[in-house]
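As structure tokens, the structure follows; a few thoughts come after it.
2 protein chains.
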Amino acid sequence: MGIAERKTRHKEELRSSILTAAWDMVLSEGWQSLSIRKIADAIEYSIPVIYNHFENKEAILLEFSKEGYQLLACKLEQARATMQTPEEQLKVMADAYWDFSFEHKEYYQLMFGLGIPACEMVNQHEEIKKMTHIMISTIQQALQVSANPEADFFLKFHTYWSILHGLVSIQMIDNGQQPDRKGKLVLQDAMAGFCKSLV
Amino acid sequence: MGIAERKTRHKEELRSSILTAAWDMVLSEGWQSLSIRKIADAIEYSIPVIYNHFENKEAILLEFSKEGYQLLACKLEQARATMQTPEEQLKVMADAYWDFSFEHKEYYQLMFGLGIPACEMVNQHEEIKKMTHIMISTIQQALQVSANPEADFFLKFHTYWSILHGLVSIQMIDNGQQPDRKGKLVLQDAMAGFCKSLV
DNA sequence: CGATTTAGGTTAACACCGTTAACAAACATA
DNA sequence: TATGTTTGTTAACGGTGTTAACCTAAATCG
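In the order they appear, the protein sequences are chains R and F.
Residue numbering for the first sequence is 50 to 248, as defined by my numbering.
Residue numbering for the second sequence is 50 to 248, as defined by my numbering.
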């Protein structure tokens, strides 16, 4: 059945070309100017073809959201593996989170920009749970090591993530989406304070 | 010259009705569905009338942004006035920041949502500087009181604001823009940790 | 092999959006 | 009374997401 295979392959290639065309546009012109019509133009097919592969524009954004969460989870896991103690792990994970958000700021904007569709998917999909699980488990280990089991680990996780997100967002807001030298100093200062509060 | 006055008054009423119509729409349907055409329909004038009062749609959003920053600055100042020591002030200001963001979540989304025009205005206008000045000056006083003058007050301010913004944003992201009981506990926990780091 | 169904693709339209040029009418001024 | 300005209108341009109707080429079946 080589024919069916060829068709399937073609369909997957088309789907893939939609995503890469969309991603190229986002990288060069931002989420704002991403449009179905421009994608259709780029892949040299007519507009409705895109709706054979994605239900609507939001579904395309959702696809990139998932990619973003997976990539972030991957980066966090890689960072954690480079250290032994939970406290050190939390620090390098914070660095990895920071680096991810600026090296892939388009992902970050889509994943965490307020008022975008990603808000509604946050508690529905597995990708984000995997990411938060990495943080949560490391926090748990840190609390065990520091002989502080009565602390609410979920509260501490919430604080940890909030500090990371806040630092990145404020940096993006008042420095035009570019990290500066001082930014990472603030991150390390905040992390030092947070780790103290775990003991 | 009562005629000129009447005209001016009419013009101001029109401008004001544009803003209130827009605000009503935002409250009931969100920023996403705010449109010039619907505003024109609501005030029962034709579309170009709106362009006599605002250069474009972004100018209307900018107007609301300014309002938001002013209101937030006002709330922070009121909160600060209720306490004597800088440390207590930082805590009640944090509460006020939290309350503002959920009591006026439409303002907060406009002011701090990533990828919206407010990004570009952040360093240009005075409203936001007034707001940050309140935070900065209180941080400075806190560092003086704690006899810790060698600390970088701007770094500490950056950390303070980041924690607040991060807590609010994460709460909005994973709890559908509604505060819960636990949220404020996390805030107080994080603030306790931050204040420790000032000493 | 020839007829028929099906899948992939296209054209053209609908209903919106922000923005603006061209024009009309009401008004204040000279 | 005539002129010019202000204030509002209609209608259009170019853009958006989305979908119904159709067309054609390929695969399946009698």
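Heads up, the beta-carbon is just placed ideally off N, CA and C, and yes, glycines get one too.
Residue i in three-state terms, based on DSSP
i	result
residue 139(R)	helix
residue 156(F)	helix
residue 74(F)	helix
residue 94(F)	coil
residue 194(F)	helix
residue 230(F)	helix
residue 50(R)	Reliability of the predicted coordinates at residue 50(R) is poor, the pLDDT of 47 falling under 50, and the value obtained from them is presented with this limitation in mind. Correct three-state label for residue 50(R): coil.
residue 201(R)	coil
residue 69(F)	helix
residue 105(R)	coil
residue 248(F)	coil
residue 134(F)	coil
residue 84(R)	coil
residue 79(R)	coil
residue 162(R)	coil
residue 174(F)	coil
Cut-off 6 Å between Cβ atoms - residues of its own chain near residue i, not counting five sequence neighbours on either side
i	result
residue 91(F)	70
residue 155(F)	75
residue 206(F)	184, 185, 188
residue 138(F)	129, 132, 187
residue 79(R)	none
residue 161(F)	none
residue 245(R)	none
residue 179(F)	122
residue 200(F)	192
Residues of its chain near residue i, where Cβ-Cβ distance is below 7 Å and the 5 sequence neighbours each way are ignored
i	result
residue 143(F)	213, 236, 240
residue 131(R)	141
residue 135(R)	187, 190, 191, 194
residue 151(F)	228
residue 99(F)	67, 85, 88, 89
residue 102(R)	63, 64, 67
Interface residues of chain F facing residue i [CB-CB closer than 8 Å]
i	result
residue 245(R)	242, 245, 246
residue 204(R)	231, 234, 235, 238
residue 174(R)	Ordered by position in chain F, no residue passes the 8 Å Cβ test against residue 174(R), which lies about 12 Å from the chain.
residue 153(R)	Those do not exist, as residue 153(R) stays about 13 Å from chain F at its closest Cβ, beyond 8 Å.
Same chain only: Cβ atoms within 8 Å of residue i, ignoring 5 sequence neighbours per side
i	result
residue 127(F)	145
residue 40(R)	There is no way to answer for residue 40(R), as the model of chain R reaches only from 50 to 248.
residue 210(F)	181, 184
residue 203(F)	185
residue 232(R)	147, 216, 220, 224
residue 66(R)	92
residue 95(F)	89
residue 116(R)	156
residue 166(F)	For residue 166(F), the pLDDT reaches just 49, beneath the cut-off of 50, and the residue's location in the model is therefore unreliable, although a value from the coordinates is still provided. For residue 166(F), where only same-chain residues beyond five positions count, the Cβ hits under 8 Å are 107, 110, 111.
residue 248(F)	195, 197
Partner residues on chain F for residue i, Cβ-Cβ distance less than 7 Å
i	result
residue 72(R)	Here the premise fails: no neighbours, minimum Cβ distance about 16 Å.
residue 214(R)	215, 218, 219
residue 102(R)	Chain F residues near residue 102(R): none, gap ~25 Å exceeds 7 Å.
Proximal residues of chain R, C-beta to C-beta of residue i below 8 Å
i	result
residue 117(F)	Near residue 117(F) there are no residues of chain R at all, since even the closest Cβ is about 13 Å away, more than 8 Å.
residue 210(F)	215, 219
residue 59(F)	Simply none; closest approach about 35 Å.
Where residue i meets chain R, residues with beta-carbon distance less than 9 Å
i	result
residue 182(F)	Those do not exist, as residue 182(F) stays about 14 Å from chain R at its closest Cβ, beyond 9 Å.
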